[in-house]
Every structure is written in C-alpha cells, then in structure tokens.
Amino acid sequence: MARTLTLMRELVAMFIRTKAEYPGAMVLGWVSQFASYGAMYTAIALIVTRFGMLGGWTWSDMALLLSVHLLTYSLGASFSFTQFREMEDLVRQGTMDAILVKPVSTWVYMVFSGLNIGYAGHIVLALGLMAWALTAVDIVWSLPAMLFFMAALLSGATVVCCLMTMIGATALVWVRSRHLYSIFFGFWELARYPVTIFPVPIQFLLITLAPLGFISSVPVAVLLGKPVPLLGDWAGPACLLAGPVMVLIAMAHWRWCLRNYQGAGG
Amino acid sequence: MRAAAYSAFTVNALQARLAYRHTIWAGAFGDLVFIFARIAIWVSIYGAATSTAMFAGVTLPEMITYSLLAGPLLYWDYSRLLGEVDTAVRSGDVAVYLLKPLHYPAYLLASHLGHFLFELVAITLPVALIIGLVFGLLPPASLFHGLAFLAYWPLSFMLLFALATLLGLAAFWLMTAQSIDWFFNAIMTLLSGGLVPLWFFPGWLAAFAGHLPFAWISYYPAAVYLGKLDPAQTLLYFALGLGWLAALLLSLAWLWSRARHRLILQGG
C-alpha cells in the first residue's frame, strides 16, 4: 500500500513537471477554459434574468447549480477524462499491452500518470461562483446540511470519474470508445439545468442509466428544498449513494473489460 | 493544383468518416440530447405562459425551430478543424502539405466540407427529423425567406471556416490551438446567437453583437428563415455578411503567406 502511495505521488509529480515545462501554455489553457465556461454561464444568466426564472429556479439558484456542476465535473474528470479518452489509441497502437504488464494496478497507473491539473481554471471559476451563490440563495445551514453538501460533491465527482473510466475501459473490448463521450457530454449538458424542466423519460435517464443528475441538479435541489421528480424524499440519500454504487458498477465493468481484452495493435 | 482536384479531398473526408459507421449513432444521440436541452429551456420558459405567448415578438414554435437551425444545423464542429491544424503544426506534418502542389487553407476547406456534408446527412438531418416529429418545426416564413436562408447557409459555413482557420493558423506562432479553441468557443457561445438569440439580449449588447461576423453564423440565417428580417433587411445583411467574408478571406490569405515563412518543425 505504502509503495502504491509513493508511486502515485511520483507519477503525479512527474506529470506536473512535464506540464510546467510550458508554463505559458498551461496558464493560457486555464484562462481560456475559464473564459469559455464564463461565456456559457453569462448566456444562461441572460436567459434567466430576462425571464425571471427557469423552471422555478432564480439566477442565484442556477448559479449554485452551475458551480456544483462544474466543480463535481472538474474534480471527477481530472482523475479520468484525458486519461481514458486516450485509451482507444493505447489499445489500437498496442501500447496498452505494455501498461498491462507493469507491476502496478493499471487503473492507478493510468489515472495518476495523467492527473489533469488543467482543470485548475474550472475549479477556480466553480469555487468563485459557488462562493457568491451561497451568499445569495436561501439555505438554512446546519451541520447535517454542510456534511450533506460536502458528501454530495464527493459523490458527484465519483460518478463522473466512474462513468469516464467505464467509457475508456470499453475500448479494451470495442477498440473504439471515444464516440461514447458524445453521449456522456449530451447528458452532462442536461445536468446543467434543473431536472424538472425535462420530460419524464429524460428525468428517469438522468437518475438511472446516465446518472449525471446526481452531479448537480439533484443535490442542489435537495439543498434548496425544491422538489425532485421520481425520487421525492429519497433524493438526499440517493445523492450520497450514487457515488459508491457507481464505484461498484465501474469496478465490475473494468474487470470484465480487462478479462475480455485481446489486443488490437501490433 | 486545379480547383476541381480539391473535390477529391472532400470525397476522401466523407469516405474516412463512413469507415467508422458505429460512431454515427453516438454522434446523433449526443446531438439529440444536446438539442433537447436547448428546447427544454424554451419550453420551460414559455410553458408558464399561454400557448400563444410571445416574448420579444417570438413564439415557442419559432424558438424550437430557431434552436435547431442556430444549433446543430449551422453550428458545425469547427473544433475538428482547429484540432487538425494544431496537430499538423505540432507534429510537423504540415511540412508534407507544403511540399505538395496544393494550397493548405484550400485543402482544409475541401476536407472540412466533406466532414460537414457527412455530419449533415448522417447526424443533423436525422436529428432534425426526430425533433420535427416530436416538437414540430416551422416552414420558412415565405418562399423569399426560404430561398434567402439557402443563400445565408453557405455564407455561414464559409464565415465559420474562415474564422476557425484564421485562429488555427495562430498555432504557427503559439504552437498550440487548443487554448484558442476554448477562447473562440467563449466568443461563439455569447455572440453567434447559437444559444440565445440576439432579440433576447439587452439592447446595447444586441447592437454590439449584431455588427460582428459571429452573428452571421447562427443568428441572421435563423432569423431570416423565421421571417424576422424583412426583404430589404435580408438583402442588406446578406451584403454585409459578404463584406465580412471578403475581409476574413483576405486576412486568411495574408496570414497564410506569413505563416508559411514562420514554420518551425517540431516533429520528425
């Protein structure tokens, strides 16, 4: 265990050093992503302020939703997105075979050798927006509410990490899996808005097959005391369970894909 | 190289995309979910009002049609183009294009026309059909507006191509186009009208955005289709769009002439 922890620290340090070799590009990347998300939120703010509300959510409610959406996504994706997006190339080129024979867990090696510090811009924007939104929304804070908020953020980030791991792992069997991220980001886009504005089938998908509702709209609705369709009073516990349940599913999928990997490169 | 020969690159790009047919359904599903989110916003906003409610002179069926036109139909995947230029410059592959008797920006245009046609036929039109069956889509406001939209569409494509290629060529100086992609995405999100039409903008912002080339990519073509511009305005704004296109193509020709002499090969 101690050896694995040392290795994880070394892999992360090595990756950060490679990125820090080009500090200008790194900072430019952060600023550009900050600008891109800022523009999207400005566009949503234009709609909500123009019409007063969106599905019963005011702009401050929406700002909290957007900040939670971005924070859980960036935390989860920093451990998974760029790493597992490349997986189909590793499989196709045969590089995956070399990773599989390393004397370390394949998942640990992949995640920590590419831990993406490029999400710093996302996290700064999310925390800034969240800090403002929390002063503007009407939440009665208590110790259980604070603990729920922290645990829901962690659970949401875990959901993102698990889904991205599963998509990447699919390349071990299908060779190509990058196109599945189009579906992920489709639902991710939906999770940016209150789940109540969608028709029932989409609401169902957002809390079951593509559980991205748990990264933002469901936990924020629970905190704000807004109704959560289909889940009702179970919404709070479901937010906390979503992450651990997805870990179990992702582990099973990962192992199944590894067992069925036959290689594709030469 | 003769202009007609470039059509081979268009066909080649089409064939390359057809080789991975299983990616079509994922792309279509992603686009469908994406457009569903956009439409759900407007249904939610208008839903609280009566079915004939109008905001800024626009009805819900018009907004649903606008979402499809200004979104998937006109707003094609320019990130692929930026990514291609970025990779070619960073890997050094761009040198191979310089050795060939072709004009690199013209090659990019021909190639990405192929990608555009593939996505239009395989993804966008099926998505439009599904959206039409589920929500209903409006026909053009008149025959004139329908024909005008058909003229605005290639103008929109060419403007987005020219802007994306101009930014892609910046990789010759910056050695990366990824950050530029994000910056451009920010500008397009706010100023093209792809998400929020300019008629819902505050007056000062609408006036500002309405004079920048980005508005000709999504907002003006969709507004013309819906009849929000009268014939005189339609022709005037089309001429202004052509002016922007000429300016951007001239800038592109100038930048390419500079970029060729700026090339530093990173790859082997």
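Chains A and B supply the protein sequences, listed in that same order.
Counting in our numbering, the first sequence runs from 1 upward without gaps.
Counting in our numbering, the second sequence runs from 267 upward without gaps.
From the three backbone atoms N, C-alpha and C, an ideal C-beta is built for every residue, glycine too.
As the structure is a prediction and not an experimental result, all values here were calculated from the model.
* Excluding five sequence neighbours on each side, which residues of the same chain lie with their C-beta closer than 8 Å to the C-beta of residue 30 of chain A? -> Walking along the first sequence from the start, residue 30 of chain A turns up at place 30. Closer than 8 Å at the Cβ level, and outside the excluded window around residue 30 of chain A, lie 118, 120, 121, 124.
* To do: Kindly indicate if chain A contains any beta-carbon less than 8 Å away from that of residue 432 of chain B.
  => Taking the first residue of the second sequence as position 1, residue 432 of chain B is located at position 166. When Cβ-Cβ separations below 8 Å define contact, residue 432 of chain B makes no contact with chain A.
* **residue 164 of chain A and residue 80 of chain A closer than 8 Å at C-beta** => Here residue 164 of chain A refers to the residue found at position 164 when the first sequence is read from its first residue. Here residue 80 of chain A refers to the residue found at position 80 when the first sequence is read from its first residue. Contact flag set, yes.
* **Inter-residue spacing [alpha-carbon to alpha-carbon] between residue 135 of chain A and residue 213 of chain A** => Mapped onto the first sequence, residue 135 of chain A falls at position 135. Mapped onto the first sequence, residue 213 of chain A falls at position 213. Distance from the CA of residue 135 of chain A to the CA of residue 213 of chain A, rounded to the nearest whole angstrom, comes to 24 Å.
* Asked: Any contact of the stretch 460-472 of chain B with the stretch 401-408 of chain B, i.e. 3+ C-beta pairs under 8 Å?
  -> They do not touch, by the three-pair rule.
* Asked: Could one say the Cβ of residue 198 of chain A lies closer than 8 Å to chain B's Cβ atoms, at least one of them?
  -> Against the first sequence, residue 198 of chain A aligns to sequence position 198. It does: the Cβ of residue 198 of chain A has a partner Cβ on chain B nearer than 8 Å.
* Following the continuous alpha helix (DSSP H) through residue 42 of chain A, name the residue where it begins and the one where it ends. => Taking the first residue of the first sequence as 1, we reach residue 42 of chain A at position 42. Taken as a continuous stretch (DSSP letters only), the alpha helix (DSSP H) holding residue 42 of chain A covers 23-51.
* Asked: Name the chain A residues whose beta carbon is nearer than 8 Å to that of residue 448 of chain B?
  -> Translated into positions along the second sequence, residue 448 of chain B becomes position 182. For residue 448 of chain B, the C-beta contacts it makes with chain A under 8 Å involve 29, 32, 33, 35, 36, in order along the chain.
* To do: Under 7 Å Cβ to Cβ from residue 157 of chain A, same chain only, skipping five residues before and after it: list those, please.
  => In the first sequence, the residue the question calls residue 157 of chain A occupies position 157. Excluding its 5 nearest sequence neighbours in each direction, residue 157 of chain A has C-beta neighbours in its own chain below 7 Å: 72, 75, 76, listed in chain order.
* To do: Could you work out which residues of chain A lie near residue 357 of chain B, taking near to mean beta carbons separated by less than 9 Å?
  => By one-based count along the second sequence, residue 357 of chain B stands at place 91. Proximity of chain A to residue 357 of chain B at the Cβ level (cut-off 9 Å) is not reached, the minimal Cβ distance being about 14 Å.
* To do: Pull up the distance between the alpha-carbon of residue 500 of chain B and that of residue 459 of chain B, whole angstroms please.
  => Along the second sequence, read from residue 1 onward, the residue named residue 500 of chain B stands at position 234. Along the second sequence, read from residue 1 onward, the residue named residue 459 of chain B stands at position 193. Approximately 17 Å between the Cα atoms of the pair.
* residue 444 of chain B, buried or exposed, once every other Cβ within 10 Å from all chains shown has been counted against 16 -> Here the question's residue 444 of chain B lines up with position 178 in the second sequence. Around the beta carbon of residue 444 of chain B, 16 or more other beta carbons sit within 10 angstroms, so the residue counts as buried.
* **Where the stretch 231-258 of chain A meets chain B: residues whose CB sits under 9 Å from a CB there** => Per Cβ criterion, the list is empty.
* Asked: Taking the Cβ atom as the reference point for each residue, do residue 394 of chain B and residue 290 of chain B lie within a distance shorter than 8 Å?
  -> As a first step, residue 394 of chain B must be located in the second sequence, where it is residue number 128. As a first step, residue 290 of chain B must be located in the second sequence, where it is residue number 24. Cβ distance not < 8 Å, so residue 394 of chain B and residue 290 of chain B don't count as in contact.
* Asked: Using a threshold of 7 Å, is the CB atom of residue 42 of chain A nearer than that to any non-hydrogen atom of the ligand NAD?
  -> Among the components modelled here there is no ligand, and therefore nothing to report on the ligand NAD.
* **Helix, strand or coil at residue 384 of chain B [DSSP, three-state]** => As a first step, residue 384 of chain B is located in the second sequence; it is residue number 118 there, counting from the start. Here residue 384 of chain B sits in helix by DSSP.
* Does the stretch 415-424 of chain B come close enough to the stretch 317-333 of chain B that 3 or more CB-CB pairs lie under 8 Å? -> The stretch 317-333 of chain B is not in contact with the stretch 415-424 of chain B.
* To do: Count the other CB atoms, across all protein chains shown, that sit within 10 Å of the CB of residue 16 of chain A; report buried if there are 16 or more and exposed otherwise.
  => The residue you call residue 16 of chain A lines up with position 16 of the first sequence. It counts as exposed.
* To do: Take residue 448 of chain B as the anchor and find which of B:438, B:430, B:439, B:524 has the nearest alpha-carbon.
  => The count along the second sequence starts at 1 and reaches residue 448 of chain B at position 182. Checking every option, the nearest Cα to that of residue 448 of chain B belongs to B:430.
* **Proximal residues to residue 485 of chain B (C-beta, below 7 Å), its chain only, five neighbours per side dropped** => Position 219 of the second sequence, counted from the first residue, corresponds to residue 485 of chain B. Once the five neighbours on either side are set aside, the close Cβ partners of residue 485 of chain B are 336, 458, 459, 463, 464.
* For residue 324 of chain B, the three-state DSSP class (helix, strand or coil) -> For the purposes of this step, residue 324 of chain B is taken as residue 58 along the second sequence, with counting starting at 1. Strand.
* Pick out the complete alpha helix (DSSP H) segments inside the stretch 223-264 of chain A, 4 residues or longer, and give them in chain order. => Along the length of the stretch 223-264 of chain A, whole alpha helix (DSSP H) runs at least 4 residues long occupy 235-259, reported in chain order.
* Asked: Unbroken alpha helix (DSSP H) runs of length 4 or more, entirely within the stretch 432-499 of chain B: which are they?
  -> 437-440, 444-457, 469-475, 485-491, all fully within the stretch 432-499 of chain B.
* **Residue of B:286, B:329, B:319 minimising C-alpha distance to residue 305 of chain B** => Start at 1 with the first residue of the second sequence, and residue 305 of chain B comes out as number 39. That would be B:329, whose Cα lies nearest to the Cα of residue 305 of chain B.
* Tell me where the alpha helix (DSSP H) around residue 87 of chain A begins and ends. => As a position in the first sequence, residue 87 of chain A is number 87, starting the count at 1. For residue 87 of chain A, the enclosing alpha helix (DSSP H) stretches over residues 87-93.
* Per DSSP, residue 54 of chain A is paired with what? -> Mapped onto the first sequence, residue 54 of chain A falls at position 54. As a beta-bridge residue in DSSP terms, residue 54 of chain A pairs with A:57.
* To do: Leaving aside the five residues before and after residue 11 of chain A along the sequence, list all residues of the same chain whose C-beta is less than 6 Å from its C-beta, in chain order.
  => Indexing the first sequence from 1 puts residue 11 of chain A at position 11. Excluding positions up to five away in sequence, the list reads 112, 113.
* Ordered along the chain, which non-local residues of its own chain (more than five positions away) have a Cβ less than 7 Å from that of residue 517 of chain B? -> As a working mapping, residue 517 of chain B is identified with position 251 in the second sequence. Correct list, in chain order: 432.
* Any C-beta of chain A sitting closer than 8 Å to the C-beta of residue 345 of chain B? -> Within the second sequence, numbered from 1, the residue matching residue 345 of chain B stands at position 79. Taking CB atoms only, residue 345 of chain B has no neighbour in chain A less than 8 Å away.
* Asked: Mind checking residue 93 of chain A: buried by the 16 CB within 10 Å criterion, or exposed?
  -> If you number the first sequence from 1, residue 93 of chain A lands on position 93. An exposed status is given to residue 93 of chain A, since fewer than 16 other beta-carbon atoms sit within 10 Å of its beta-carbon.
* Asked: Apart from the five residues on each side of it in sequence, which residues of its chain come closer than 6 Å, Cβ to Cβ, to residue 261 of chain A?
  -> Counting from 1 along the first sequence, the entry for residue 261 of chain A is found at position 261. If we look at residue 261 of chain A and ignore the five residues flanking it on each side, its Cβ neighbours are 172.
* **Option in A:78, A:146, A:101 with minimal Cα separation from residue 115 of chain A** => Walking along the first sequence from the start, residue 115 of chain A turns up at place 115. Out of A:78, A:146, A:101, A:78 has the C-alpha closest to the C-alpha of residue 115 of chain A.
* For residue 408 of chain B versus residue 493 of chain B, is the C-beta distance shorter than 8 Å? -> In the second sequence, the residue the question calls residue 408 of chain B occupies position 142. In the second sequence, the residue the question calls residue 493 of chain B occupies position 227. Result yes, Cβ atoms of residue 408 of chain B and residue 493 of chain B sit closer than 8 Å.
* Alpha-carbon spacing of residue 308 of chain B relative to residue 47 of chain A, whole angstroms -> For the purposes of this step, residue 308 of chain B is taken as residue 42 along the second sequence, with counting starting at 1. For the purposes of this step, residue 47 of chain A is taken as residue 47 along the first sequence, with counting starting at 1. If I take the Cα positions, the gap works out to 9 Å.
* Grouping DSSP H, G and I as helix and E and B as strand, with all else coil, what is residue 116 of chain A? -> To locate residue 116 of chain A, count along the first sequence from 1; it is residue 116. In the three-state DSSP reduction, residue 116 of chain A falls in the coil class, being neither helix nor strand.
* Return the CA-CA distance between residue 34 of chain A and residue 59 of chain A, expressed in angstroms with no decimal places. => On the first sequence, residue 34 of chain A is found 34 positions in, with the first residue counted as 1. On the first sequence, residue 59 of chain A is found 59 positions in, with the first residue counted as 1. Their Cα atoms are separated by approximately 19 Å.
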